[in-house]
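S.K.: Residue numbers (UniProt numbering), protein chains in the order written: chain A, 1 to 115; chain B, 1 to 115. One structure is given below, represented as C-alpha cells, and several questions about it will come after.
2 protein chains.
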Amino acid sequence: MVQYLSPPIDLSFAALSDATRRGIIDELGRGDASITSLADKFQMTLTGMKKHVQVLERAGLVVTQKVGRVRTCKLGKRGLGAEAEWIEAHRKLFEARFEALDEIISEMKQEGSDD
Amino acid sequence: MVQYLSPPIDLSFAALSDATRRGIIDELGRGDASITSLADKFQMTLTGMKKHVQVLERAGLVVTQKVGRVRTCKLGKRGLGAEAEWIEAHRKLFEARFEALDEIISEMKQEGSDD
DNA sequence: TATACACTGAACTAAATGGTTCAGTATTTA
DNA sequence: TAAATACTGAACCATTTAGTTCAGTGTATA
Numbered sequence: 001m002v003q004y005l006s007p008p009i010d011l012s013f014a015a016l017s018d019a020t021r022r023g024i025i026d027e028l029g030r031g032d033a034s035i036t037s038l039a040d041k042f043q044m045t046l047t048g049m050k051k052h053v054q055v056l057e058r059a060g061l062v063v064t065q066k067v068g069r070v071r072t073c074k075l076g077k078r079g080l081g082a083e084a085e086w087i088e089a090h091r092k093l094f095e096a097r098f099e100a101l102d103e104i105i106s107e108m109k110q111e112g113s114d115d
Numbered sequence: 001m002v003q004y005l006s007p008p009i010d011l012s013f014a015a016l017s018d019a020t021r022r023g024i025i026d027e028l029g030r031g032d033a034s035i036t037s038l039a040d041k042f043q044m045t046l047t048g049m050k051k052h053v054q055v056l057e058r059a060g061l062v063v064t065q066k067v068g069r070v071r072t073c074k075l076g077k078r079g080l081g082a083e084a085e086w087i088e089a090h091r092k093l094f095e096a097r098f099e100a101l102d103e104i105i106s107e108m109k110q111e112g113s114d115d
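Listed below in C-alpha cells is the structure:
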C-alpha cells in the first residue's frame, strides 16, 4: 500500500484543467485585470467569473486585491514551479519506458489491435 | 471575446489533479501493472481502479491491453510533452510579470494587508 | 443626494467525480 | 469439470463543478 499526499498540486492541476481558467492566466500575463473585464472577455456573468478566479486563487496561481469597488487580479508569486517540476520528472519516466527495446517491438506488433 | 479551445490538455490536467492517478503514473514508471495489482497498491476496489485507469486512458497518458483475463496498463506514448510546453510557456509569463519593478514595490508595500 | 457601477452571497441547477456494491462474464487452474 | 481469478457493467451515492439568477452592499460620479 502506498499513500500519496500532495494537497496543493491537486489544486493547481485542477485549476489548469479548465480552458477558461487557462485563458484567464494568459490574460493576466498581458496585464492585471478586474473581475468585470475578465467576465466581459470570457462572456460570463460576474459571479461565474468570480468563482473561476477563486479557484485560481486557492491554487495560488492568482492573487487579488480589492481597492475601492474594483477587485484587481494578477498572477501569483507562487508561479508554476512545482507543476513544472512534477511534469519534467515524469516526462523522463515516460521516455525511459520507451527506450526499452521490447516495448518498441510490441508497439509495432499491434498497431491498433487493442481493446 | 476570446474562445479558448483545447480539448485534450483539459483531460490530462484533470487526470493529473488526482493524487491516486499521479501515483498510478509513478507506479507504471516502475513497470507495467494489472488493474488488480494497482487496486491492491492503492487500497481500492477493482471497479474504482478501473475508472481511474480509464481517466488516464482518455487523457492518453496510459494505454491498456487485455490478454487472457488480465488487463495490463502501461504509460502511453503520448507522454507529457504538450503539458510541459504549456507549463513552460506560462512559467515565463509569471516570471516576466515579476520583473516589472513597480510590481515588486507594491508587493513589498502591502505584505498581507489583502482581502 | 440620487444613480450607476463593481462586486458579493445565497440559492438553485445539471452534469461530472470518486467512490462503492452487486451481479455478471470470461479465463485459468486444480 | 469445478472453483478461483480478473475483470466488467449497471446502479447507486455524496460531493464538487460550472454555470445561472436574484437580491443585496459598498463606492464613485453626476
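Using N, Cα and C, we set each Cβ at its ideal position, and we do this for glycine too.
List, from N- to C-terminal side, the alpha helix (DSSP H) runs of 4 residues or more that fit wholly inside the UniProt domain "HTH arsR-type" (1-95) of chain B.
M.R.: List check, alpha helix (DSSP H) in window: 7-16, 19-30, 35-41 and 46-58.
S.K.: Using a C-beta to C-beta distance shorter than 8 Å, which residues of chain A count as neighbours of residue 48/B?
M.R.: By Cβ distance, chain A contributes nothing, its closest Cβ being about 14 Å from residue 48/B, past 8 Å.
S.K.: With 16 as the cutoff for other CB atoms within 10 Å, does residue 62/A come out buried or exposed?
M.R.: It counts as buried.
S.K.: Measuring CB to CB, does residue 83/B end up less than 7 Å from residue 87/A?
M.R.: Yes, the pair counts as a contact, with Cβ atoms nearer than the cut-off.
S.K.: With distances taken Cα to Cα, identify the nearest neighbour of residue 78/A among 90/B, 72/B and 70/B.
M.R.: Taking only the C-alpha atoms, the option nearest residue 78/A is 90/B.
S.K.: Using the beta-carbon of each residue, which ones in chain B are nearer than 7 Å to residue 17/A?
M.R.: Going along chain B in sequence order, the residues near residue 17/A (Cβ under 7 Å) are 10, 13, 14 and 17.
S.K.: Buried or exposed for residue 96/A, going by 16 or more other Cβ atoms inside 10 Å?
M.R.: It counts as exposed.
S.K.: Could you tell me whether any Cβ in chain A is nearer than 7 Å to the Cβ of residue 90/B?
M.R.: Residue 90/B counts as touching chain A.
S.K.: So residue 87/A contacts chain B; which residues on that side make the cut at Cβ distance below 7 Å?
M.R.: Ordered by position in chain B, the residues that pass the 7 Å Cβ test against residue 87/A are 80, 83, 84 and 87.
S.K.: Applying a beta-carbon distance threshold of less than 8 Å, which residues of chain B neighbour residue 25/A?
M.R.: Within chain B, the residues near residue 25/A are 90 and 93.
S.K.: Just checking, does the segment 27-37 of chain B make contact with the segment 21-40 of chain A on the three C-beta pairs under 8 Å criterion?
M.R.: At 8 Å Cβ cutoff, the stretches do not touch.
S.K.: Mark residue 38/B as exposed unless 16 or more other C-beta atoms lie within 10 angstroms of its C-beta, in which case mark it buried.
M.R.: By the 10 Å Cβ count, residue 38/B comes out buried.
S.K.: Check whether the Cβ of residue 56/B lies closer than 7 Å to any Cβ atom in chain A.
M.R.: Taking Cβ atoms only, chain A never reaches closer than 7 Å to residue 56/B, which makes this a no.
S.K.: Can you find the residues in the same chain that come closer than 7 Å, C-beta to C-beta, to residue 70/A, ignoring five residues on each side of it along the sequence?
M.R.: Closer than 7 Å at the Cβ level, and outside the excluded window around residue 70/A, lie 34.
S.K.: Are the Cβ atoms of residue 56/A and residue 94/B separated by less than 7 Å?
M.R.: Against a cut-off of 7 Å, the Cβ pair of residue 94/B and residue 56/A comes out as no contact.
S.K.: Thinking C-beta only, is residue 10/B closer than 7 Å to residue 12/A?
M.R.: No, Cβ-Cβ distance for residue 12/A and residue 10/B is not below 7 Å.
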